[in-house]
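Just below is one structure, and these are the notes that go with it.
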Amino acid sequence: MCGILGYVGKGRPFRDLLGGLTRLEYRGYDSCGIAAIKNDKLFLKKRSGKVNQLKKDLSKSLKTVSSLCILHTRWATHGKPNRANAHPHINRESNLSLVHNGIIENFLSLKKELLAKGYKFSSETDSEVIVNLIDSLYTSSLEEAVLKAIAKLKGSFALGVISSSEPNKLIAVRKSSPLIIGLGKNENFIASDVPAILSFTKRIIYLKDGQMAMLNKGSVRICDIKTKRKVAYKIDTVKIKLEDAQKKGYTHFMLKEMFEQPAISTKILSSYSKNQKVHFSGLKGCETFLKQSKKVYISACGTAYHAGYVAKYFLEKHSSLNLEIDTSSEFRYRQIEMGKNSLLIAISQSGETADTLAAVRQAKKQGAKILSVCNVVGSSLVKESDFAIPTLAGPEIGVASTKAYSAQLLCLFLFFLYFAKLKGAIKNKEYQGLLKSLKKLPSLQRKILAGGKDIRRIAKAFSKFGSFLFLGRGINYPSALEGALKLKEISYIPAEGYAAGEMKHGPIALIDEYRAVVCIAVNDNLHEKMLSNIQEAKARKGKILAIISKGDKQASNLAYKSIVIPKVDNTDLNPFLAAICLQLFAYYVAKNLGCEIDQPRNLAKSVTVE
Ligand code: AGP
């Protein structure tokens with residue numbers, strides 16, 4: 002994973018560049034570093050820990066102006082998060098430095114060859130091999146040495162390379178790991194993602210896979226790494242504002258992002274529906290294909306997978322259609338005969354998740370068409386898809402996905418209404434009714450957020466539990482999975498999501514007075530069944546926290562504590578409402594425990610390695 006930032010230009014103080022690096026910390030934050038050309042020599046500072054700590058180390062040199070610089074924030078793959086393994090890496094003469102995002106699969110054999118040539122290594126990383134490999138091939142041109150070196154690499158890599166011997170040049174390479182170029186006035190940048198350079202420029206080149214770029218302060222040249230020929234490029238102007246990637250007075254990004262959900266729902270509904278009809282302008286060219294499509298698959302990871310799972314229930318309940326869903330890490334290795342009439346829906350916030358991209362590539366090989374439901378429009382996923390539905394949630398910085406989830410859900414519900422209508426698989430009255438009820442979503446979401454104080458109080462009472470079981474049924478089974486995921490990733494409390502009906506087949510053995518059991522027992526066709534499950538858990542002394550619909554005395558009498566959501570006529574809205582309750586619950590539990598909410602340990606926002 003990791004975040005890369007690079008600069009070549011008229012000169013920028015370290016402080017500005019470290020500010021940009023901070024906005025890449027969602028990609029990894031266990032160690033970080035900076036290498037810059039200072040007085041014709043290579044200056045290097047790196048450490049374990051976060052960019053703020055590095056800033057403190059550099060407090061005396063924050064005003065130092067650099068005209069060539071590479072920076073890195075790391076999510077450890079090879080070697081623990083310590084100073085030696087932190088990037089940038091340098092060669093033995095300290096005149097060459099490199100930052101890397103990705104994994105080099107053949108690094109051990111390359112390392113062996115380099116050791117035989119007398120090279121020494123001070124880290125356990127695969128990345129240090131690349132800098133030494135470039136060194137071994139460097140005669141007079143850094144560009145040529147990098148080209149020769151990358152021809153020997155197997156795996157995925159986004160690289161930034163500088164040398165004190167060529168102090169006006171920044172080299173960038175992209176192969177299966179994202180990298181963009183930012184164009185400024187008398188300065189240019191490279192970065193893993195747009196937010197890192199938003200305060201400097203909005204003019205972006207999305208470097209394509211298999212391309213290398215040579216940047217100096219006044220020009221950018223891009224070539225294909227195989228043919229070595231110069232290629233043309235397109236300059237995009239990004240619309241994201243820097244404020245969108247800031248906390249705006251909230252204590253955490255996660256809290257801010259949860260509170261953005263009603264406004265995002267309004268935006269999605271107004272963008273994708275008009276005159277009582279769902280319409281996706283981006284899908285116009287593919288209506289014939291969609292009409293004729295035979296099989297539908299969903300592939301996604303983590304929270305995005307849960308969104309797809311909820312949407313599967315929605316589609317199958319309201320139409321004669323069905324679909325198959327799997328996590329991308331499994332999907333990519335399954336022997337599925339997809340064929341030309343298949344549609345793969347890939348869901349992803351970042352659009353850079355390695356497994357989801359691999360699943361997409363696998364499906365494309367078999368002739369399937371790809372529809373991506375994705376938040377980052379410039380991402381690899383969107384670029385590799387045949388059609389895309391942008392989820393319009395704006396930058397999500399908190400590692401725990403919240404607003405992206407509800408945006409994915411709503412976009413998928415709307416898409417499935419559109420899809421079922423196109424295929425004549427839904428009755429018009431049902432279509433109209435569902436669309437009308439989805440419009441109530443923003444105000445319902447607002448109500449839940451307004452009741453956040455009650456959830457905070459309940460979370461305090463539950464913070465002492467050492468383990469949680471989340472139970473749900475039907476469309477709220479994936480809600481239980483998502484609730485458990487949110488809690489474990491930010492509070493580190495072991496939490497399992499389970500289909501409530503499966504409880505008796507094993508997990509019930511775990512229930513005793515020390516186990517908190519969160520039951521999503523909202524009003525729907527399976528409500529009675531959930532009540533029975535609550536009884537069973539309670540009989541074994543489990544401490545029940547029930548998510549219930551307003552007015553449900555039966556459930557509230559059974560539960561130790563209840564979180565009440567509005568009673569809705571269309572029960573398909575329940576997963577949206579339960580999600581906000583469970584997000585707030587996880588947030589306040591983690592806050593009570595003093596956890597690092599936006600950047601939980603061991604995680605990274607975007608999982609760009611397998
Ligand atoms: C959710 O809170 C997680 N951080 C994680 O499960 C995430 O949803 C998953 O890694 C998928 O990411 P993507 O949506 O960017 O593909």
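Here this note's numbering is used: position 588 in the sequence shown is 589, and no number is missing along the way.
Even for Gly, the Cβ is constructed at its ideal location relative to N, Cα and C.
L486 has its alpha-carbon roughly 19 angstroms from the corresponding atom of K544. Residue state for C412 is assigned as helix, using DSSP reduced to three classes. Distances between the C-beta of A481 and the heavy atoms of the ligand AGP are all 6 angstroms or more. Contact annotation: I371 and Q409 have beta-carbon atoms that are not nearer than 7 angstroms. At the C-beta level, A312 and L413 come within 7 angstroms of one another. Placement of the Cβ of A401 at a distance of less than 6 angstroms from at least one heavy atom of the ligand AGP is found. Per the DSSP secondary-structure output, K370 pairs in a beta bridge with L344. Contact annotation: M2 and G29 have beta-carbon atoms nearer than 7 angstroms. The residues P179, D210, G352, E353, L358, in chain order, have a CB closer than 8 angstroms to that of S381 in the same chain once the five nearest residues on each side in sequence are set aside. Ranked by Cα distance from N92, the options S110, F122, K118, L111 are led by F122. Excluding its 5 nearest sequence neighbours in each direction, K461 has C-beta neighbours in its own chain below 8 angstroms: Y589, N593, listed in chain order. Annotation: A152 is outside any beta strand (DSSP E) and is labelled neither H nor E by DSSP.
In the DSSP assignment, P14 is bridged to V66. As far as DSSP is concerned, G211 takes part in no beta bridge. With contacts defined as CB atoms closer than 7 angstroms, F469 and L488 qualify as a contacting pair. In this structure, the beta-carbon distance from L578 to I564 does not fall below 7 angstroms. Rounded to whole angstroms, the gap between the alpha carbons of L59 and L585 is 37 angstroms. According to the DSSP assignment, D599 belongs to no alpha helix (DSSP H), since it is labelled neither H nor E. Bounds of the beta strand (DSSP E) holding H101 are 97–105. With a cut-off of 6 angstroms, the C-beta of T354 is classified as near the ligand AGP, since at least one heavy atom of the ligand falls inside that distance. In this chain, V297 is not harboured by any alpha helix (DSSP H); it is covered by the beta strand (DSSP E) spanning 296–301. The beta carbon of G368 sits closer than 7 angstroms to those of M339, G340, K341, all from its chain and outside the five residues before and after it, given in chain order.
Residue pairing from DSSP places F44 in a beta bridge opposite A37. Straight across, the Cα-Cα distance linking A591 with S402 is about 15 angstroms.
With a beta-carbon spacing of about 13 angstroms, V519 and L559 fall beyond the 8 angstroms limit used to define contacts. Judged by DSSP secondary structure, C224 falls within the beta strand (DSSP E) whose first and last residues are 220–225. Bridge pairing for K176: F158 [DSSP].
With a 10 Å radius around the Cβ and a threshold of 16 neighbouring Cβ atoms, T74 comes out buried. If you look at E431, you'll find it isn't in any beta strand (DSSP E); it sits in the alpha helix (DSSP H) that goes 429–439.
Under the DSSP assignment, K544 falls outside any alpha helix (DSSP H), being part of the beta strand (DSSP E) whose first and last residues are 544–550. By the criterion of a C-beta distance shorter than 8 angstroms, L25 is surrounded in its chain by G4, I5, L6, T74, A192, S193, D194, P196, A197, once the five residues flanking it on both sides are discounted. In the DSSP secondary-structure assignment, P391 is bridged to C375. Taking 6 angstroms as the cut-off, one finds no heavy atom of the ligand AGP near enough to the beta carbon of Q446. The three-state reading of DSSP puts Y499 in strand, counting E and B together. In the DSSP annotation of this structure, the continuous segment of the alpha helix (DSSP H) that includes N558 starts and ends at 554–559. The C-alpha of D136 is placed about 12 angstroms away from the C-alpha of K118.
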